[in-house]
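Position in the sequence shown counted from 1, then plus 20, gives you the numbering used here. All C-beta atoms, glycine included, are put in the ideal place defined by N, C-alpha and C. Quantities reported herein were computed from a predicted structural model and do not represent experimental measurements. As structure tokens, the structure follows; a few thoughts come after it.
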Amino acid sequence: MTVSKVKETTKHFTVYLVADGVYAAIANQGTGAMANAGFVDTGESVVVFDSMNTQQAAAELRQVATVLTGKPISHLINSHWHGDHVRGNQAFRDVDIVASNQTRELMQEIHPARIAKQQTGIQEFKDYVLHSKQNAGS
């Protein structure tokens, strides 16, 4: 299979047409997208595969998929529970999100604890950075 020319380049990813109606969104390094995604034009709607790592990347993915295909998004498929594939799900609240039972269960079990840890760790991280800066200056 031959990958055609770049169809779109955004802050978070570059979109390639890999087959008729099949697009790959390849994450740009250092942008927060972290994982690749894709979307398929089914003829009546668009199915998106994975939502990347951030809401911003996911919103960009949604916009590009809609513009390139001219069709609404009907489904988002989560391949697995890792955050870099599902943290952008919020950008797809109004579409059906499809995942295996195991993926759903792991997301419900693991993600709330990780989010809580990140929220409570903000001050700890700030203190660490401040301490590091002070030590670097001495």
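Roughly how far, in whole angstroms, is the beta-carbon of residue i from the beta-carbon of residue j, given that I think they are within contact range, below 8 angstroms?
| i | j | result |
| --- | --- | --- |
| A53 | A44 | Their Cβ separation, rounded to whole angstroms, is 13 angstroms, which puts A53 and A44 out of contact at 8 angstroms. |
| N73 | G103 | 6 angstroms |
| S71 | V106 | 6 angstroms |
| V35 | E28 | 4 angstroms |
Near residue i, what residues of its chain come up, given a Cβ to Cβ distance below 7 angstroms and the 5 sequence neighbours on each side ignored?
| i | result |
| --- | --- |
| T123 | N98, H100 and W101 |
| Q143 | none |
| M127 | W101 and V106 |
| I117 | L96, N98 and N109 |
Looking only at its chain, what residues have a beta carbon closer than 8 angstroms to the beta carbon of residue i, apart from the 5 residues adjacent to it on each side?
| i | result |
| --- | --- |
| T51 | K31, H32, F33 and A77 |
| I93 | F59, S65, V66, V67, V68, R82, A85, T86, F112 and V115 |
| E129 | none |
If we ignore side chains and look at the alpha-carbon of each, how far apart do residue i and residue j end up?
| i | j | result |
| --- | --- | --- |
| E80 | F112 | 11 angstroms |
| F145 | V84 | 35 angstroms |
| V149 | N155 | 10 angstroms |
| A55 | Q75 | 13 angstroms |
| D61 | A136 | 37 angstroms |
| H131 | E125 | 10 angstroms |
| V26 | A57 | 15 angstroms |
| G90 | A119 | 25 angstroms |
| A133 | Q139 | 10 angstroms |
| H95 | Q110 | 13 angstroms |
| G141 | D147 | 10 angstroms |
| N121 | G63 | 28 angstroms |
| D88 | Q49 | Here the sequence assigns Leu to residue 88, which means Asp is not the residue at that position. Between L88 and Q49, the C-alpha separation is close to 23 angstroms. |
Just reading off the beta strand (DSSP E) that residue i is part of, what are its end residues?
| i | result |
| --- | --- |
| A17 | Summary: the structure shown does not reach residue 17, with the chain confined to residues 21 through 158, and so no result is reported for it. |
| E28 | V26 to T29 |
| D116 | D116 to V118 |
| A57 | A57 to D61 |
Locate the alpha helix (DSSP H) running through residue i, then write down its first and last residues.
| i | result |
| --- | --- |
| G103 | G103 to V106 |
| A53 | Counting along the chain, A53 falls outside any alpha helix (DSSP H), and DSSP gives it neither H nor E. |
If I measure Cβ to Cβ from residue i and keep anything under 6 angstroms in the same chain, skipping five residues before and after, which residues do I get?
| i | result |
| --- | --- |
| S24 | L37 |
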